[in-house]
Amino acid sequence: DAGVTQSPTHLIKTRGQQVTLRCSPKSGHDTVSWYQQALGQGPQFIFQYYEEEERQRGNFPDRFSGHQFPNYSSELNVNALLLGDSALYLCASSLDRGRRNEQFFGPGTRLTVL
Amino acid sequence: RKEVEQDPGPFNVPEGATVAFNCTYSNSASQSFFWYRQDCRKEPKLLMSVYSSGNEDGRFTAQLNRASQYISLLIRDSKLSDSATYLCVVKGDTGRRALTFGSGTRLQVQP
Chain A
-8 DAGVTQSPTH LIKTRGQQVT LRCSPKSGHD TVSWYQQALG QGPQFIFQYY EEEERQRGNF
52 PDRFSGHQFP NYSSELNVNA LLLGDSALYL CASSLDRGRR NEQFFGPGTR LTVL
Chain B
27 RKEVEQDPGP FNVPEGATVA FNCTYSNSAS QSFFWYRQDC RKEPKLLMSV YSSGNEDGRF
87 TAQLNRASQY ISLLIRDSKL SDSATYLCVV KGDTGRRALT FGSGTRLQVQ P
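Those sequence lines, one after another, are chains A and B.
When the letters of the first sequence are read in order and numbered with this note's numbering, they come out as residues -8 to 105.
When the letters of the second sequence are read in order and numbered with this note's numbering, they come out as residues 27 to 137.
Rendered as C-alpha cells:
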C-alpha cells in the first residue's frame, strides 16, 4: 500500500521564478492538504483540496495556487518566488469521511530560493 | 499569541527516564487533537490521537484537558530511538479542516 509520495525531493530556484510541486495521496484517500514548514517551525497550512476544488485556505498570498486532478493527486504552484519561500513543502492526504480526518504526510519537497 | 504553544526544549534525558511535554491551544472550538513525531529532515508522522478520556499506546500516554485547553504527552522508559521533535497538533471544528501545529518540542535521549 503506497503512502503519500511527493516530487521532486529537492529543488533550487532563483527569485522571481515559478515552481510546481506534485503530490500523490495515500491509496484510498480523497483529500490533499499542503503545508509549508520553515526551519525550526511547525508546518503552516497553505490550502486543502477535495473534489478538485480548493476547500479551505490558510494565510498565504495568491502567489500560492493549486490543483487537484480526478485521480486525487495534486499540484502546488508558487509564482514570483521570494527568498522567504525557501522551506520544506509537505503534502498530507486524508479521507474526507475518515476517522478524525487523520492526515498522513509525504516526505516533502525541500525548496531553496536563491 | 500563537494558536498552539509548546516549550521548544530541548529536553535532554537519559535512557529509561520519563519525560512529559505540554501544549496549550487558544481556540476553544477545536475538536481533534494529535501528537506527531518528526525526525530531523523528515516528514511528521502521526504518533497518536488524543481523546478526552486520555489514551495510552505502549510507553506513550496522552491527556487532554478541554477546560484548561491543555494537552500533554508522557513518554515512559525513554529509548534512544525516541529522540525527535514532538509536534502538538490541533484541528478545528468541521468547518476548519486544517491542522494547526505547534513549533515542536525537541527531545534528545542520551545513553
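Where is the CB? At the ideal position from N, CA and C, for every residue including glycine.
Taking the C-beta atoms as reference points, Asp103/B is found nearer than 8 Å to Arg85/B.
Beta-bridge pairing by DSSP links Tyr77/B to no other residue.
In this structure, DSSP gives Asn50/A a state outside helix and strand, which the three-state scheme calls coil.
Between Gln(-3)/A and Thr100/A, the C-beta gap is smaller than 8 Å, which places the two residues in contact. Counting only unbroken stretches of 3 or more residues, the beta strand (DSSP E) elements lying wholly within the segment 46 to 100 of chain B are 58 to 64, 70 to 76, 81 to 83, 86 to 91, in sequence order.
In the displayed model, Ser77/A falls within coil according to three-state DSSP, outside both helix and strand. Of all alpha-carbon atoms in Gly(-6)/A, Pro52/A, Phe38/A, the one lying nearest the alpha-carbon of Arg46/A is that of Phe38/A.
Per DSSP, reduced to three states, the secondary structure at Ser107/B is helical. Gln64/B is positioned such that its CB atom lies closer than 8 Å to that of Thr111/B. Between the alpha carbons of Lys17/A and Gly(-6)/A lies a distance of about 5 Å.
Boundaries of the beta strand (DSSP E) around His58/A: 55 to 59. In the structure shown, the three-state DSSP call for Asn62/A is coil. Around the C-beta of Pro70/B, 16 or more other C-beta atoms lie within 10 Å, and the residue is accordingly described as buried.
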